[in-house]
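**Student:** In my numbering, the protein residues as written are 852 to 1036.
#1: Rounded to the nearest angstrom, what separates residue 889 and residue 934 at their Cα positions?
#2: Taking the DSSP output, what are the residues bridged to residue 929?
#3: Residue 944 and residue 1027: beta carbons closer than 8 Å?
#4: What does the alpha-carbon distance come out to for the pair residue 1033 and residue 989?
#5: Whole angstroms is fine: what's the gap from residue 904's alpha carbon to residue 970's?
#6: Of the residues 1022, 917 and 980, which one's Cα is nearest the Cα of residue 1008?
#7: Please state whether DSSP places residue 891 in a helix, a strand or coil.
#8: Taking residue 906 as the reference, which of 1011, 993, 925 and 1030 has the closest Cα?
#9: Just how far apart, CA to CA, sit residue 836 and residue 936?
#10: Indicate whether residue 925 and residue 881 have their beta-carbon atoms separated by less than 8 Å.
#11: Could you compute how far the alpha carbon of residue 870 sits from the alpha carbon of residue 928?
#12: Would you mind giving the Cβ-Cβ distance between residue 991 and residue 908, rounded to the nearest angstrom? I have them listed as a contact below 8 Å.
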(Lines of atoms letter the chains of each structure in order from A and count residues from 1; the text may use other names and numbers.)
(Lines give C-alpha, C1' and ligand atoms only; values in the text may rest on other atoms or scores of the structure.)
Protein backbone atom coordinates (compact mmCIF):
# COMPACT_ATOMS: atom_id res chain seq x y z
CA UNK A 1 0.00 0.00 0.00
CA UNK A 2 1.35 3.41 -1.02
CA UNK A 3 1.61 6.21 1.54
CA UNK A 4 2.50 9.88 1.24
CA UNK A 5 4.99 11.05 3.84
CA UNK A 6 5.21 14.58 5.16
CA UNK A 7 7.39 17.01 3.25
CA UNK A 8 6.74 20.73 2.87
CA UNK A 9 4.18 20.70 0.03
CA UNK A 10 5.85 23.61 -1.76
CA UNK A 11 8.84 21.34 -2.38
CA UNK A 12 7.10 18.23 -3.59
CA UNK A 13 5.60 14.92 -2.58
CA UNK A 14 7.28 11.81 -1.20
CA UNK A 15 5.60 8.43 -1.49
CA UNK A 16 6.69 5.09 -0.06
CA UNK A 17 5.46 1.54 -0.48
CA UNK A 18 6.63 -1.96 0.39
CA UNK A 19 8.87 -3.61 -2.20
CA UNK A 20 9.91 -7.19 -2.76
CA UNK A 21 13.19 -8.89 -2.03
CA UNK A 22 14.60 -9.32 -5.53
CA UNK A 23 16.15 -6.37 -7.39
CA UNK A 24 13.71 -6.96 -10.27
CA UNK A 25 10.67 -6.76 -7.95
CA UNK A 26 12.07 -3.64 -6.28
CA UNK A 27 12.68 -1.94 -9.64
CA UNK A 28 9.19 -2.79 -10.91
CA UNK A 29 7.62 -1.59 -7.65
CA UNK A 30 9.50 1.72 -7.87
CA UNK A 31 8.33 2.39 -11.43
CA UNK A 32 4.75 1.34 -10.64
CA UNK A 33 4.90 3.75 -7.72
CA UNK A 34 6.16 6.49 -10.06
CA UNK A 35 3.26 6.03 -12.47
CA UNK A 36 0.72 6.00 -9.63
CA UNK A 37 2.28 9.15 -8.16
CA UNK A 38 2.31 10.85 -11.55
CA UNK A 39 -1.40 10.19 -11.86
CA UNK A 40 -1.98 11.87 -8.49
CA UNK A 41 0.42 14.72 -9.25
CA UNK A 42 -1.17 15.56 -12.59
CA UNK A 43 -4.68 15.23 -11.09
CA UNK A 44 -5.95 12.99 -13.86
CA UNK A 45 -5.88 9.43 -14.95
CA UNK A 46 -3.62 8.62 -17.82
CA UNK A 47 -4.83 6.09 -20.31
CA UNK A 48 -1.16 5.30 -20.87
CA UNK A 49 1.87 5.53 -18.66
CA UNK A 50 3.69 8.84 -19.16
CA UNK A 51 6.68 8.32 -21.42
CA UNK A 52 10.16 8.71 -20.00
CA UNK A 53 13.32 10.04 -21.57
CA UNK A 54 16.84 10.28 -20.16
CA UNK A 55 19.32 13.11 -19.80
CA UNK A 56 22.84 12.69 -21.17
CA UNK A 57 23.93 11.46 -17.76
CA UNK A 58 21.10 8.88 -17.73
CA UNK A 59 18.68 10.53 -15.29
CA UNK A 60 15.07 9.78 -16.33
CA UNK A 61 12.43 12.49 -16.77
CA UNK A 62 8.86 12.77 -18.06
CA UNK A 63 9.06 13.43 -21.79
CA UNK A 64 5.80 15.43 -21.93
CA UNK A 65 6.37 17.18 -18.58
CA UNK A 66 10.06 18.14 -18.38
CA UNK A 67 9.36 20.70 -15.62
CA UNK A 68 8.08 17.99 -13.27
CA UNK A 69 11.07 16.29 -11.69
CA UNK A 70 11.18 12.94 -9.95
CA UNK A 71 13.59 10.53 -8.41
CA UNK A 72 13.23 6.92 -7.36
CA UNK A 73 15.02 4.67 -4.94
CA UNK A 74 14.46 1.13 -3.74
CA UNK A 75 16.05 -1.43 -1.52
CA UNK A 76 15.12 -4.75 0.00
CA UNK A 77 11.64 -4.09 1.40
CA UNK A 78 10.87 -0.52 0.32
CA UNK A 79 10.47 1.72 -2.74
CA UNK A 80 10.23 5.53 -2.65
CA UNK A 81 9.29 8.18 -5.19
CA UNK A 82 9.89 11.92 -4.87
CA UNK A 83 8.05 14.30 -7.23
CA UNK A 84 8.86 18.01 -7.34
CA UNK A 85 8.88 21.12 -9.47
CA UNK A 86 12.59 21.29 -8.61
CA UNK A 87 15.48 18.98 -9.43
CA UNK A 88 15.41 16.36 -6.69
CA UNK A 89 17.01 13.22 -5.37
CA UNK A 90 15.92 10.55 -2.91
CA UNK A 91 17.61 7.52 -1.41
CA UNK A 92 16.32 4.75 0.83
CA UNK A 93 18.41 2.11 2.56
CA UNK A 94 17.73 -0.45 5.20
CA UNK A 95 20.04 0.17 8.16
CA UNK A 96 23.28 -1.60 7.45
CA UNK A 97 26.64 -2.20 9.05
CA UNK A 98 29.17 0.61 8.93
CA UNK A 99 31.67 -0.04 6.15
CA UNK A 100 35.09 1.40 7.13
CA UNK A 101 36.41 1.52 3.54
CA UNK A 102 33.36 3.53 2.43
CA UNK A 103 33.72 5.87 5.41
CA UNK A 104 37.38 6.49 4.57
CA UNK A 105 36.65 7.11 0.90
CA UNK A 106 33.51 9.30 0.99
CA UNK A 107 32.96 10.77 4.46
CA UNK A 108 34.23 14.17 5.59
CA UNK A 109 36.41 14.58 8.72
CA UNK A 110 33.40 15.95 10.67
CA UNK A 111 31.27 12.96 9.64
CA UNK A 112 34.02 10.53 10.65
CA UNK A 113 34.22 12.22 14.04
CA UNK A 114 30.43 11.96 14.48
CA UNK A 115 30.57 8.24 13.64
CA UNK A 116 33.16 7.69 16.39
CA UNK A 117 31.08 9.63 18.94
CA UNK A 118 27.64 8.12 18.32
CA UNK A 119 26.05 5.22 20.20
CA UNK A 120 24.70 3.79 16.92
CA UNK A 121 27.37 4.12 14.21
CA UNK A 122 25.59 1.72 11.83
CA UNK A 123 22.44 3.81 11.72
CA UNK A 124 24.33 7.12 11.46
CA UNK A 125 26.42 5.64 8.64
CA UNK A 126 23.22 4.72 6.77
CA UNK A 127 21.66 8.15 7.35
CA UNK A 128 24.77 10.01 6.14
CA UNK A 129 25.14 7.72 3.12
CA UNK A 130 21.53 8.30 2.04
CA UNK A 131 21.96 12.08 2.38
CA UNK A 132 25.02 11.98 0.13
CA UNK A 133 23.23 9.76 -2.38
CA UNK A 134 20.18 12.05 -2.46
CA UNK A 135 22.38 15.04 -3.37
CA UNK A 136 24.33 13.37 -6.17
CA UNK A 137 21.10 11.90 -7.54
CA UNK A 138 19.52 15.37 -7.58
CA UNK A 139 22.53 16.63 -9.51
CA UNK A 140 22.28 13.66 -11.87
CA UNK A 141 25.96 12.88 -11.27
CA UNK A 142 25.83 9.50 -9.57
CA UNK A 143 28.55 8.19 -7.31
CA UNK A 144 31.31 9.63 -9.52
CA UNK A 145 30.74 12.90 -7.62
CA UNK A 146 33.43 13.61 -4.98
CA UNK A 147 31.21 12.75 -2.01
CA UNK A 148 33.93 13.56 0.50
CA UNK A 149 33.29 17.24 -0.26
CA UNK A 150 29.75 16.90 1.11
CA UNK A 151 29.48 17.47 4.84
CA UNK A 152 26.37 16.70 6.87
CA UNK A 153 25.59 17.17 10.53
CA UNK A 154 22.46 15.72 12.08
CA UNK A 155 20.73 17.10 15.13
CA UNK A 156 17.67 14.98 15.78
CA UNK A 157 15.48 15.46 12.71
CA UNK A 158 17.41 18.52 11.50
CA UNK A 159 19.95 18.20 8.69
CA UNK A 160 22.74 20.74 8.30
CA UNK A 161 24.95 20.70 5.22
CA UNK A 162 27.67 22.68 3.50
CA UNK A 163 25.55 22.91 0.35
CA UNK A 164 23.64 26.22 0.17
CA UNK A 165 22.21 25.15 -3.21
CA UNK A 166 20.07 22.42 -1.64
CA UNK A 167 17.44 21.64 1.00
CA UNK A 168 17.65 18.28 2.77
CA UNK A 169 15.21 16.17 4.77
CA UNK A 170 15.77 12.89 6.48
CA UNK A 171 13.35 10.52 8.10
CA UNK A 172 13.25 7.01 9.40
CA UNK A 173 10.55 4.52 8.60
CA UNK A 174 11.06 1.47 10.80
CA UNK A 175 14.55 0.18 10.02
CA UNK A 176 14.82 2.28 6.84
CA UNK A 177 16.60 5.59 6.35
CA UNK A 178 15.09 7.91 3.73
CA UNK A 179 16.85 11.10 2.62
CA UNK A 180 15.63 13.73 0.19
CA UNK A 181 17.34 16.60 -1.56
CA UNK A 182 15.71 19.48 -3.43
CA UNK A 183 18.04 21.72 -5.44
CA UNK A 184 17.32 25.43 -5.12
CA UNK A 185 17.09 27.14 -8.48
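Beta carbons are placed, not taken as given, at the ideal position from N, Cα and C, and that holds for glycine.
**Tutor:** So, to answer that:
#1: Working through the chain shown from its first residue, we reach residue 889 at position 38. Working through the chain shown from its first residue, we reach residue 934 at position 83. Using only the alpha carbons, I get a separation of about 8 Å.
#2: For the purposes of this step, residue 929 is identified with residue 78 of the chain shown, where counting begins at 1. Answer is 869 and 926.
#3: As a position in the chain shown, residue 944 is number 93, starting the count at 1. As a position in the chain shown, residue 1027 is number 176, starting the count at 1. Yes. Within cutoff.
#4: For the purposes of this step, residue 1033 is taken as the residue at position 182 of the chain shown. For the purposes of this step, residue 989 is taken as the residue at position 138 of the chain shown. Going from the Cα of residue 1033 to the Cα of residue 989 covers about 7 Å.
#5: Here residue 904 refers to the residue found at position 53 of the chain shown. Here residue 970 refers to the residue found at position 119 of the chain shown. Whole-angstrom Cα-Cα distance: 44 Å.
#6: Here residue 1008 refers to the residue found at position 157 of the chain shown. Measuring from the Cα of residue 1008, the nearest candidate turns out to be 1022.
#7: Locating residue 891 in the chain shown gives position 40, where the first residue counts as 1. Here residue 891 sits in helix by DSSP.
#8: Taking the chain shown and counting its residues from 1, the one referred to as residue 906 is at position 55. Measuring from the Cα of residue 906, the nearest candidate turns out to be 993.
#9: As shown, the chain starts at 852 and ends at 1036. That puts residue 836 outside it, with no answer to give.
#10: As a first step, residue 925 must be located in the chain shown, where it is residue number 74. As a first step, residue 881 must be located in the chain shown, where it is residue number 30. Yes, Cβ-Cβ distance for residue 925 and residue 881 is below 8 Å.
#11: Here the question's residue 870 lines up with position 19 in the chain shown. Here the question's residue 928 lines up with position 77 in the chain shown. So the two alpha carbons sit approximately 5 Å from each other.
#12: Within the chain shown, the letter at position 140 stands for residue 991. Within the chain shown, the letter at position 57 stands for residue 908. The Cβ separation is near 5 Å, so the contact holds.
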